[in-house]
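Residue numbers (our numbering), protein chains in the order written: chain A, 2 to 294; chain B, 5 to 326; chain C, 3 to 239.
Scroll down for the structure; my scribbles are underneath it.
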Amino acid sequence: MLEFLQQLINGLSLGAIYALIALGYTMVYGIIMLINFAHGDIMMVGAYVGFFSIAVLGSNIFAALIFAMLSCAVLGVLIEKIAYKPLRNSSRIAALITAIGVSLFLEYFTLFLLTPQQRVFPEAAFPLHKYQIGGLLISNKDIFIFALAVILMIALQYIIKRTRTGKAMRAVSLDREAAILMGISVDRTISITFAIGSSLAAAAGVMIGIYYNTINPLMGIIPGLKAFVAAVLGGIGIIPGAMVGGFLMGILETMVSGYGSTLYRDAVAFGVLILILLVKPTGLFGKDTGEKV
Amino acid sequence: MEKKRFVPRSFLIEVLVLAGIFTLVQYLIVSGLLNEYYQINLSSMCINIILAVSLNLINGFTGQLSLGHAGFMAVGAYAAVVVTTIYSQPFILGLLAACLAAGLAGLIIGVPTLRLKGDYLAIATLGFGEIIRVILQNIDFIGGPAGILGIPRYSTWPWLFGLTIFTIVIIVNLINSSYGRAIISVREDEVASELMGINTTNYKVLAFVIGALFAGLAGALYAHYFYIIKPSTFNFLKSFDILVMVVLGGLGSTTGAVIAAIFVTMLTAALQTFPAIRMVLYAVTLVVVMVYRPQGLMGNKEWGRRTWGRIWGEKNEPLANK
Amino acid sequence: MLDFNFHLEDGELLGLIGPNGAGKTTVFNLITGVYKPDEGNIIFSGRDITGLAPYTICQQGIARTFQNIRLFKDISVLDNVRIALHKDAPYGLLKTLLRTPGFFQGEIEINKKAREYLQIFNLEDKAGEIASSLPYGEQRRLEIARALATKPTLLILDEPAAGMNPNETRELMDLIRWIRKDFGLSILLIEHDMSLVMGVCERIYVLDYGQVIAEGLPEEIRRNKRVIEAYLGEEVG
Chain A
2 MLEFLQQLIN GLSLGAIYAL IALGYTMVYG IIMLINFAHG DIMMVGAYVG FFSIAVLGSN
62 IFAALIFAML SCAVLGVLIE KIAYKPLRNS SRIAALITAI GVSLFLEYFT LFLLTPQQRV
122 FPEAAFPLHK YQIGGLLISN KDIFIFALAV ILMIALQYII KRTRTGKAMR AVSLDREAAI
182 LMGISVDRTI SITFAIGSSL AAAAGVMIGI YYNTINPLMG IIPGLKAFVA AVLGGIGIIP
242 GAMVGGFLMG ILETMVSGYG STLYRDAVAF GVLILILLVK PTGLFGKDTG EKV
Chain B
5 MEKKRFVPRS FLIEVLVLAG IFTLVQYLIV SGLLNEYYQI NLSSMCINII LAVSLNLING
65 FTGQLSLGHA GFMAVGAYAA VVVTTIYSQP FILGLLAACL AAGLAGLIIG VPTLRLKGDY
125 LAIATLGFGE IIRVILQNID FIGGPAGILG IPRYSTWPWL FGLTIFTIVI IVNLINSSYG
185 RAIISVREDE VASELMGINT TNYKVLAFVI GALFAGLAGA LYAHYFYIIK PSTFNFLKSF
245 DILVMVVLGG LGSTTGAVIA AIFVTMLTAA LQTFPAIRMV LYAVTLVVVM VYRPQGLMGN
305 KEWGRRTWGR IWGEKNEPLA NK
Chain C
3 MLDFNFHLED GELLGLIGPN GAGKTTVFNL ITGVYKPDEG NIIFSGRDIT GLAPYTICQQ
63 GIARTFQNIR LFKDISVLDN VRIALHKDAP YGLLKTLLRT PGFFQGEIEI NKKAREYLQI
123 FNLEDKAGEI ASSLPYGEQR RLEIARALAT KPTLLILDEP AAGMNPNETR ELMDLIRWIR
183 KDFGLSILLI EHDMSLVMGV CERIYVLDYG QVIAEGLPEE IRRNKRVIEA YLGEEVG
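What follows is the structure in structure tokens.
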């Protein structure tokens, strides 16, 4: 039982990271129906910005976090403007290929610029403390990641539910034509969605840096895919779904590594994906909508 | 109209041109004029054409977005290698095993997943492709993550060229028939197609299995050209590579798939001189082409016998085409 | 949502009318298997076809058109009809892949048949054009040609005159009458255009809020009080 609780705690911080990335996938899908394959790589860029601001500029973890989030917000908006916007009226598959192209670009440009070498996140920025609570081992990293993720999610919920921008986002994802008629600027709303989604990914990137200690240019691929599975699990396009899906994926993954084989760790994510798609393709929180004839 | 017609001149010209290409390359290889570098690229070109043309059957003609083609390629590669290398059987049996195994995998995966549509199907096939890879990684009999080494190089130019042409002919024949029209109708409007009496599920599965089968064939040729296979070769990036060729060429154009496969192979080869920036340029090319020509090179047009016929001043219309 | 009974005689030309949202298209979707009914049965030629897959229902002899035209847009007019003829293909997969003489013979036959259908609808010289490039009225006609090519015994037309001008509507009326006679089929027609319904239908059902509120000959329907009430604010013949 204790072992189980320990795995649960480990899973919660990993799940929080997945949930943050999954939110970006879901928001973008909700608004422009695009699987933004580059999202995991935006997370990677965030991790690097965080790394450099700590290692080179010597900033503390919070400044690094804010810096990473701001830069990735800009990056996300730029990507949308340059690569996705021209394809808004083209086929979905053309947009998907473009997203794959952007993803490869971010990965290999970083690789070209910074070499494939792994970087170790500076220990000094976040000194590790471990606490023993009733036989359970909890580190300040876990607490920090979990708390920060929850704060960001609450902030996101506030933006979406309470602000004009959030209302515009919901309106555009519900019915773009109607939103235009109501005087909502669709371009601006899509930009804001990318900005918010990308900054959440950047925060997740810095967290991964803290969680795994090392970062590299291809680090975005696997967590990106898993977070994407999390988004599908919760029901793609549905924000609370992404949060729940993220936590479930994180917990499941630590459970499988803890009790089973690490070799199958990655297969589990895809197994879950297939299972959910075959049983309820719209995800845990999704509603079925039939096609109109 | 119903009178027996002679073999059209354009058909003879096609056969002559292909025979010419084959003999020329064969001569260059035998005489040693074509060095290893060119030979490798030529072989990759054939394998890529098979992959692109077969994926185009699924994605382009049937309109079912599949992102798991590398998985079927892996199944074919491993099945063939088990037959030829582990059990030391002849190449032809390996090829048959590859087609059978990959086709079967296509059937097993296709039946449940083809109920899904659009993006959901795309990610389900991506997931299955990755699961195939992870399973291969965990079977010790076939070398686990390290894969299998020392595979004999059976994929000679006659095999590669012959099977590439064979793939194209089979898929073109399929498309220009009642089967092909039913398959295309699924892409155009699945509901209307179903209401015209077409069992859309069957046709989707048919296209998926045939596509998977040829991916398996390509996998077998790949394994017996490059001496070595390992599971990580067949990850989802490989599937993306194939998808890129199909989309660059134009979804639903076999001509486009062939041209794009040749183009992408040459681009990859040319960029090998700049290893550091190679993938960056590849990515930029991809985005630029998609932004400026989202329908791909050929759209859904073909260069068929009709175009050639017109070039050679031939009047008669081929039977099967419109 | 929908609760109703109706029947159709062999060779009858039946009209189904009702105000917007009365559930007319839903009836069609139930008959053709797009939706499954919660309760009740659909009997066609003595066979229960309730809950069958749409393609089986079509193979039993029911074909339809759509309110918002659903042609196979990006392919040729000829191919649209040839797709509907796919059951007639006299060759199997092996013959297809090997291109045997039997395959070519089969293709010649299919092409001939397809062109016959196009001829009936005066579309023969458009055979090579892309379906979506046709003018609206011709697209409607092509849809009917395509449905007929599946050789139905019951043809269901969902607002065939939508978007047509009075001239085209009149031509369509003649065509519908002619098709019924020449092909010997039953026709079920949903229509908004009263002049068309009153002009060609032998019997009419009026649907409102998912219920049949009247049934009878065109003349009776025209005078029916409940029908006039249901249509209040909309034009009546």
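All C-beta atoms in this analysis are idealised placements derived from N, C-alpha and C, irrespective of residue type, glycine included.
Interface residues of chain C facing residue i [CB-CB closer than 9 Å]
i: residue 302 of chain B; result: Those within 9 Å of residue 302 of chain B in chain C number zero; the least Cβ separation is about 14 Å.
i: residue 195 of chain B; result: 36, 56, 68, 72
Continuous alpha helix (DSSP H) stretch holding residue i: start and end
i: residue 276 of chain B; result: Here residue 276 of chain B belongs to no alpha helix (DSSP H), and DSSP marks it neither H nor E.
i: residue 121 of chain C; result: 103-122
i: residue 182 of chain C; result: 168-185
i: residue 13 of chain B; result: 13-34
i: residue 228 of chain B; result: 204-230
i: residue 44 of chain A; result: 40-56
i: residue 236 of chain B; result: Counting along the chain, residue 236 of chain B falls outside any alpha helix (DSSP H), and DSSP gives it neither H nor E.
i: residue 302 of chain B; result: Where residue 302 of chain B is concerned, there is no enclosing alpha helix (DSSP H), given that its DSSP letter is neither H nor E.
Per-residue contacts from residue i into chain B (C-beta, under 7 Å)
i: residue 92 of chain A; result: 298
i: residue 56 of chain C; result: 198, 199
i: residue 89 of chain C; result: 201
i: residue 48 of chain A; result: What residue 48 of chain A touches in chain B: nothing, since even the nearest Cβ is about 20 Å away.
i: residue 109 of chain A; result: 283, 284, 287
i: residue 122 of chain C; result: Neighbours of residue 122 of chain C on chain B: none; closest Cβ ~17 Å, over 7 Å.
Chain-order list of residues whose beta-carbon lies under 8 Å from that of residue i (same chain, five-residue window excluded)
i: residue 98 of chain C; result: 105
i: residue 177 of chain A; result: 187
i: residue 132 of chain A; result: 138, 139, 140, 141
i: residue 29 of chain B; result: 38, 46, 161, 165
i: residue 63 of chain C; result: 46, 47, 153, 154, 155, 156
Contact set between residue i and chain B, taken where Cβ atoms lie within less than 8 Å
i: residue 295 of chain A; result: The requested residue 295 of chain A does not occur in the structure, where chain A is confined to residues 2 to 294.
i: residue 229 of chain C; result: Correct list: empty, because the minimum Cβ distance to chain B is about 30 Å.
i: residue 112 of chain C; result: 182
i: residue 36 of chain A; result: 123, 126, 127
Residues that residue i contacts on chain C, provided the C-beta gap is smaller than 7 Å
i: residue 192 of chain B; result: 74, 75, 76, 77
Per DSSP, the bridge partner or partners of residue i
i: residue 191 of chain C; result: C/17, C/159
i: residue 137 of chain A; result: A/134
i: residue 216 of chain C; result: C/208
i: residue 78 of chain C; result: C/132
i: residue 121 of chain A; result: A/215
Residue i - containing beta strand (DSSP E), residue span
i: residue 221 of chain C; result: Looking at the DSSP string, residue 221 of chain C is not in any beta strand (DSSP E); the run it does join, the alpha helix (DSSP H), is 220-225.
i: residue 207 of chain C; result: 205-210
i: residue 100 of chain A; result: First-last for residue 100 of chain A: 93-115, but that is the alpha helix (DSSP H), not the beta strand (DSSP E).
i: residue 66 of chain C; result: 64-66
Residues of its chain near residue i, where Cβ-Cβ distance is below 6 Å and the 5 sequence neighbours each way are ignored
i: residue 205 of chain C; result: 16
i: residue 199 of chain C; result: 17, 19, 193
i: residue 218 of chain B; result: 54, 58, 171
i: residue 14 of chain A; result: 143, 146, 147
i: residue 159 of chain C; result: 67, 191
i: residue 150 of chain A; result: 17, 21
Residues that residue i contacts on chain A, provided the C-beta gap is smaller than 9 Å
i: residue 69 of chain B; result: 93, 94, 97
i: residue 128 of chain B; result: 274, 275, 278, 279, 282
i: residue 211 of chain B; result: Those within 9 Å of residue 211 of chain B in chain A number zero; the least Cβ separation is about 16 Å.
i: residue 124 of chain B; result: 233, 237, 278, 282, 283
i: residue 79 of chain B; result: Result: empty, since nearest Cβ-Cβ is about 16 Å, beyond 9 Å.
Where residue i meets chain A, residues with beta-carbon distance less than 8 Å
i: residue 249 of chain B; result: Per Cβ cutoff of 8 Å: no residues; residue 249 of chain B is ~11 Å from chain A at best.
i: residue 116 of chain B; result: 279
Nonlocal neighbours in the same chain, by C-beta distance under 7 Å from residue i, ignoring five residues either side
i: residue 213 of chain B; result: 107, 110, 111, 114
i: residue 269 of chain A; result: 253, 254, 257
i: residue 73 of chain B; result: 55, 59, 219, 243, 246
i: residue 53 of chain C; result: 38
i: residue 228 of chain C; result: 215, 216
i: residue 130 of chain A; result: 140, 141
Within chain A, partners of residue i - CB distance below 7 Å
i: residue 244 of chain B; result: 101
Partners in chain B for residue i, counting only beta-carbon separations shorter than 9 Å
i: residue 60 of chain C; result: 198, 199, 200, 201, 202
i: residue 87 of chain A; result: 294, 295, 296, 298
Interfacial residues, the stretch 171-190 of chain B to chain D, with Cβ spacing under 7 Å: As a matter of chain content, chain D is missing from the structure shown, whose protein chains are A, B and C.
Runs of alpha helix (DSSP H) wholly within the stretch 130-199 of chain B (minimum 4 residues, chain order): Counting only runs of 4 or more, we get 161-179, 182-192, 194-199.
Within the stretch 76-138 of chain B, ranges of the alpha helix (DSSP H) (whole runs, at least 4 residues): 95-117
Secondary structure, beta strand (DSSP E): runs of 3+ residues fully inside the stretch 27-75 of chain C: 64-66
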